[in-house]
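*Asks:*
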Amino acid sequence: GDSVTQMEGPVTLSEEAFLTINCTYTATGYPSLFWYVQYPGEGLQLLLKATKADDKGSNKGFEATYRKETTSFHLEKGSVQVSDSAVYFCGGSGYSTLTFGKGTMLLVSP
Amino acid sequence: SQTIHQWPATLVQPVGSPLSLECTVEGTSNPNLYWYRQAAGRGLQLLFYSVGIGQISSEVPQNLSASRPQDRQFILSSKKLLLSDSGFYLCAWSYGYGRDTEAFFGQGTRLTVV
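Residue numbers (the working numbering), protein chains in the order written: chain L, 5 to 114; chain W, -12 to 101.
1. Taking only beta-carbon positions, decide if Phe104 of chain L is within less than 8 Å of chain W.
2. Measure the alpha-carbon distance for Ser113 of chain L versus Ala26 of chain W and round it to whole angstroms.
3. With a CB to CB cut of under 6 Å and the five nearest residues on each side skipped, what residues in its chain are close to His102 of chain W?
4. Taking just the CA atoms, how far does Gly65 of chain L sit from Ala53 of chain W?
5. Rounded to a whole number of angstroms, what is the C-alpha to C-alpha distance between Leu79 of chain L and Leu23 of chain L?
6. Tell me, which residues are paired with Leu98 of chain W by DSSP?
7. Would you check if the distance between the CB atom of Leu31 of chain W and the CB atom of Gly107 of chain L is smaller than 8 Å?
8. Secondary structure at Ser76 of chain L, three-state DSSP: helix, strand or coil?
9. So, under 8 Å CB-CB, Ser71 of chain W and Asn19 of chain W are touching, yes? Tell me the CB distance rounded to an integer number of Å.
10. How about Gly95 of chain L and Phe38 of chain L: do their beta carbons lie closer than 8 Å?
11. Using 10 angstroms around the beta-carbon of Val2 of chain W, count the other beta-carbons present and answer buried if the total reaches 16, otherwise exposed.
Here it is, written out as structure tokens:
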């Protein structure tokens, strides 16, 4: 079945550091790929998405590019802020369900 | 616009008691509906999904069941809760089958079984 693999956390960074969270997706065909963010005690919010190869999703300074060859969708941000501290989930939309990775906690210190 | 409501926000239940969590979606028709569980320190586990009234698919064998009595209503139930049922339960909806469909999540229910 479909699966999503993302790097385990927590990822601990200082403010203004560069962020990368790796994500790869295994599925039949080419799914749409998503990044969601979860702040403490809340549900998940869509951060960005890409629906086909070479698409770049971007939002709030975060970016991710859909790499067809590896079905990867790594999340990046050039300069993180304390307010970016949250759990980030990579997900993929197959032909029947949405599949998510285990989540990566990001902790940004001042 | 579409909205999703999930309640209650928090729940403390004794072992062996029944459970009923409700989720409703407004502003769209025939959505796909999902129940996920997020255990402490773990990722999202898909429990059930539904593509239509009365159509429920279970992803993992467990102590829980789901029902969809109306197009935009999704209920998660248990006859007898276990300690291991504690977690954060999230309801979500999407537009339907297809590659481009993202999920829209409710605010979640924090269930503690004591």
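Don't be surprised by glycine CBs; every beta carbon is placed ideally from N, CA and C.
*Replies:* In short:
1. yes
2. When the Cα atoms are used, Ser113 of chain L and Ala26 of chain W turn out to be separated by approximately 26 Å.
3. What is shown of chain W runs -12 to 101, which leaves residue 102 of chain W out entirely.
4. 38 Å
5. 8 Å
6. Beta-bridge pairing links Leu98 of chain W to W:Leu(-2) and W:Gly74.
7. yes
8. strand
9. Not a contact, Cβ separation roughly 27 Å.
10. yes
11. exposed
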